[in-house]
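Mind the numbering: the sequence shown is residues 8 to 161 in this note's numbering, read in order. Glycine included, C-beta positions come from ideal geometry on N, C-alpha and C. Please read all numbers here as calculations on a predicted model, not as lab measurements. One structure below.
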Amino acid sequence: MLLRLFLLFTIVPLIELSLLMRVSEETSVSFTISLVLITGFVGAALAKRQGLRTWQNIQEQTASGRVPGGALVDGLLILIAGAVLITPGILTDLFGFALLIPPVREILKAYLTKRFEARTVVQTSTSFHSATTQSSPSGPQIIDAEFTRHPSDS
Numbered sequence: 008m009l010l011r012l013f014l015l016f017t018i019v020p021l022i023e024l025s026l027l028m029r030v031s032e033e034t035s036v037s038f039t040i041s042l043v044l045i046t047g048f049v050g051a052a053l054a055k056r057q058g059l060r061t062w063q064n065i066q067e068q069t070a071s072g073r074v075p076g077g078a079l080v081d082g083l084l085i086l087i088a089g090a091v092l093i094t095p096g097i098l099t100d101l102f103g104f105a106l107l108i109p110p111v112r113e114i115l116k117a118y119l120t121k122r123f124e125a126r127t128v129v130q131t132s133t134s135f136h137s138a139t140t141q142s143s144p145s146g147p148q149i150i151d152a153e154f155t156r157h158p159s160d161s
């Protein structure tokens, strides 16, 4: 995992730098700076708008008693999109804008959900209160979850 992070934080900026230099050679330095600033502002505004919409969706689902699992993953992906969009670069901007497209996000969300489910073990059990407590006839439901780390996670 440390090697992946090292590569992410060294290789990606080097690629971004070379792309920005290439764009400035083909166009101009002022165009390249304008491109970086405009994509940053537009991307941040789009991420904010979609993030607020997703936050409202999470609140509505929670208020109606549903677990907002999908909306939480959407929120995480929009947060990542906003972070990479304010980072100067061409590849990061393409990745960030792609995350703001709902169909692309749905594909990535399905992949992440499948991956999380494959690595998560959930055990449920119910417990009933004695007759002296004032609870519903079926008693409260207790959900207990355990997490198991696989060797491939390292």
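Inter-residue CB distance, residue i and residue j (contact presumed, cutoff 8 Å)
i           : j             : result
leucine 27  : glycine 103   : Between glycine 103 and leucine 27 the Cβ distance is about 16 Å, and since that is not below 8 Å, they are no contact.
glycine 171 : isoleucine 93 : Because the chain is modelled from 8 through 161, residue 171 falls outside the range shown and cannot be assessed.
valine 80   : lysine 116    : 5 Å
leucine 106 : leucine 84    : 5 Å
valine 30   : threonine 17  : About 21 Å; that fails the 8 Å criterion.
Neighbour-count burial assignment, residue i, 16 or more Cβ in a 10 Å radius
i             : result
proline 75    : buried
alanine 138   : For alanine 138, the predicted model reports a pLDDT of 45, less than 50, meaning its position is unreliable; a value from the coordinates is still stated below. Its Cβ having fewer than 16 others within 10 Å, alanine 138 is exposed.
threonine 69  : exposed
arginine 126  : exposed
valine 43     : buried
alanine 152   : exposed
glutamine 141 : Unreliable positioning characterises glutamine 141 in this predicted model, as indicated by a pLDDT of 46, which lies under 50. A coordinate reading is not provided.
Short Cβ contact (8 Å threshold) for residue i with residue j
i             : j             : result
isoleucine 65 : alanine 78    : yes
glutamate 23  : threonine 120 : no
glycine 89    : threonine 61  : no
Span of the alpha helix (DSSP H), counted from its first residue to its last, around residue i
i            : result
glycine 96   : Run containing glycine 96: none; DSSP gives neither H nor E here.
threonine 34 : Unbroken run through threonine 34: none, as it is neither H nor E.
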